[in-house]
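*Asks:*
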Amino acid sequence: MAKIITHAAFFLLSLLVIGLYSIALYQAVRYNHIPSIFVIVIILIFMILRVKKGILKLKTQFLKYCLPSFKENQLKTIGIVILSSVLTYAINHYTELGSVIASSLVGLLGALLFPKIEVPIYCGSFVGMTSTGVLTNVEAVVISGFIAGLLLAGTQPLYVGYGGKLGACAFFGTMITAYFKNRFVFSDPNLIPRFDIMIPALIVAGTIGTLWIRDYAKHSTVTSSAIIGIVGGLILPGLFPVHGSLYATTLFCGTFVGMSAFEHFRSYKFTIIAGLMCSLCYFYTSPIFPGKGGKLGALAFGAMIATSGIIHYYDDLYTPAPPVDLEE
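Under this note's numbering, the first residue of the sequence shown carries the number 112, and numbering increases by one thereafter.
(1) Could you spell out the range, first to last residue, of the alpha helix (DSSP H) harbouring aspartate 307?
(2) Report the rounded CA-to-CA distance for glycine 265 versus alanine 119, giving the unit in angstroms.
(3) Select from Val197, Met388 and Leu407 the residue whose C-alpha is nearest the C-alpha of phenylalanine 157.
(4) Would alanine 279 and leucine 127 qualify as a contact pair, given that the criterion is a beta-carbon distance under 8 Å?
(5) Just checking my contact of alanine 259 with glycine 274 at CB under 8 Å: how many whole Å lie between their CB atoms?
(6) Taking the straight line between their C-alpha atoms, what separation do you get for threonine 444 and isoleucine 339?
(7) Around the C-beta of isoleucine 319, are 16 or more other C-beta atoms found within 10 angstroms, so that it is buried, or is it exposed?
(8) With distance defined between alpha-carbon atoms, name the residue in Pro401, Ser195 and Phe306 nearest to histidine 144.
(9) Please report the distance separating the alpha-carbon of threonine 285 from that of leucine 302.
(10) Along the chain, which unbroken stretches of the beta strand (DSSP E) at least 3 residues long are found entirely within the region 228–272?
(11) How is the alpha helix (DSSP H) around serine 336 delimited, first residue to last?
(12) Could you give the distance in angstroms between the alpha-carbon of valine 87 and the alpha-carbon of glycine 405?
(13) Helix, strand or coil for lysine 163, going by three-state DSSP, please let me know.
(14) Identify the residues that DSSP records as bridge partners of alanine 399: which are they?
(15) Under 8 Å: do the region 218–234 and the region 189–197 share three or more Cβ pairs, one atom per stretch?
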């Protein structure tokens with residue numbers, strides 16, 4: 112049973128982000144933005160190559176080392192995600208703090224008070240960012256949290272160290288719940304993709320800021336992301352009265368790219384490249400799936416998968432072949 116859940120979770124998570132970036136490609140084609148079409152196609156190619164490589168390792172490396180802990184912790188993980196979802200949803204909609212600060216606050220408190228379970232706490236906080244138009248009551252939030260928690264539990268041995276995975280799990284949970292609750296909206300006709308230089312600037316800033324806090328101030332990835340989220344959520348709406356909330360959300364999105372493990376991506380330049388990829392698709396998917404928590408993380412996650420694909424392709428291309436032993 113655990114093997115089936117893990118395989119299913121891998122394919123669901125991979126297809127989710129490939130689908131989201133495919134929608135970004137559709138939007139670029141729709142607006143006839145030729146350079147963007149070219150770049151997004153390249154992103155999708157490397158994303159698919161990386162997923163293909165993950166499939167080859169699925170039966171051996173992932174399951175061999177990680178299934179025992181997965182069996183022991185899956186119910187605990189699901190329960191924590193549900194509780195965090197409800198708490199963040201309450202803070203988000205019953206205070207004036209807003210979704211970014213609500214999620215960041217829950218994530219930061221979770222990291223400081225319960226560091227061993229900070230990951231599922233932060234995952235649940237993304238479910239709680241969802242609007243009341245999508246998740247209309249606590250029951251819907253609990254269902255979304257359960258689905259997100261199940262997917263997170265199933266992918267514990269998978270995509271380890273890839274920023275945005277928690278948000279992608281939350282996004283899947285809110286999407287499924289919204290569909291079966293008849294609250295699913297594909298696109299908001301009132302939202303039109305609008306180029307704004309602040310979007311890539313803030314996403315890259317969120318990425319770099321999170322990396323700096325994690326690597327130099329020596330905080331966890333959750334703490335680093337949450338600190339940037341709180342600062343952005345408090346400052347940007349005051350600095351930019353018209354677009355401040357959007358900019359806070361954009362900055363928060365960049366922090367998820369910055370949550371990626373250094374050992375996977377080797378250099379800050381690769382995470383910055385991922386941030387630029389993420390910002391491009393953020394632009395085209397801004398009207399898509401409105402109000403659904405976790406979409407920001409899913410965008411970051413897709414960018415990190417594509418970046419990993421680029422790194423693996425580079426390694427395969429330039430790593431010299433082992434010497435041939437000619438001795439008999």
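Just so it is clear, CB atoms sit at the ideal spot from N, CA and C, and this is done for glycine as well. Quick caveat, the model's predicted, so the values are computed rather than measured.
*Replies:* In short:
(1) The residue given as residue 307 occupies position 196 in the sequence shown. From DSSP, aspartate 307 is part of no alpha helix (DSSP H); its letter is neither H nor E.
(2) The sequence position of residue 265 within the sequence shown is 154, counting from 1. The sequence position of residue 119 within the sequence shown is 8, counting from 1. The straight-line gap from Cα to Cα measures roughly 8 Å.
(3) In the sequence shown, the residue the question calls residue 157 occupies position 46. Comparing Cα-Cα distances from phenylalanine 157 to each of Val197, Met388 and Leu407, the minimum goes to Met388.
(4) Position 168 of the sequence shown, counted from the first residue, corresponds to residue 279. Position 16 of the sequence shown, counted from the first residue, corresponds to residue 127. A contact, by the Cβ cut-off of 8 Å.
(5) What you label residue 259 is simply residue 148 of the sequence shown in a count that begins at 1. What you label residue 274 is simply residue 163 of the sequence shown in a count that begins at 1. Not really, about 17 Å apart at Cβ, beyond 8 Å.
(6) The chain is shown from 112 up to 439; residue 444 falls before or after that span and cannot be answered.
(7) The count along the sequence shown starts at 1 and reaches residue 319 at position 208. Buried: at least 16 other Cβ atoms inside 10 Å.
(8) Position 33 of the sequence shown, counted from the first residue, corresponds to residue 144. Of Pro401, Ser195 and Phe306, the residue nearest in Cα terms is Phe306.
(9) As a first step, residue 285 is located in the sequence shown; it is residue number 174 there, counting from the start. As a first step, residue 302 is located in the sequence shown; it is residue number 191 there, counting from the start. If you take the alpha carbons of threonine 285 and leucine 302, they lie about 20 Å apart.
(10) none
(11) Your numbering for residue 336 matches position 225 in the sequence shown. From DSSP, the alpha helix (DSSP H) with serine 336 extends over 332–350.
(12) There is simply no residue 87 to check, as the chain begins at 112 and stops at 439 in what is shown.
(13) Translated into the one-based positions of the sequence shown, residue 163 becomes position 52. If DSSP states are grouped into helix, strand and coil, lysine 163 belongs with the helices.
(14) The residue given as residue 399 occupies position 288 in the sequence shown. Note that residue 399 is isoleucine in the sequence shown, not alanine. Isoleucine 399 is bridged to Ser298.
(15) yes
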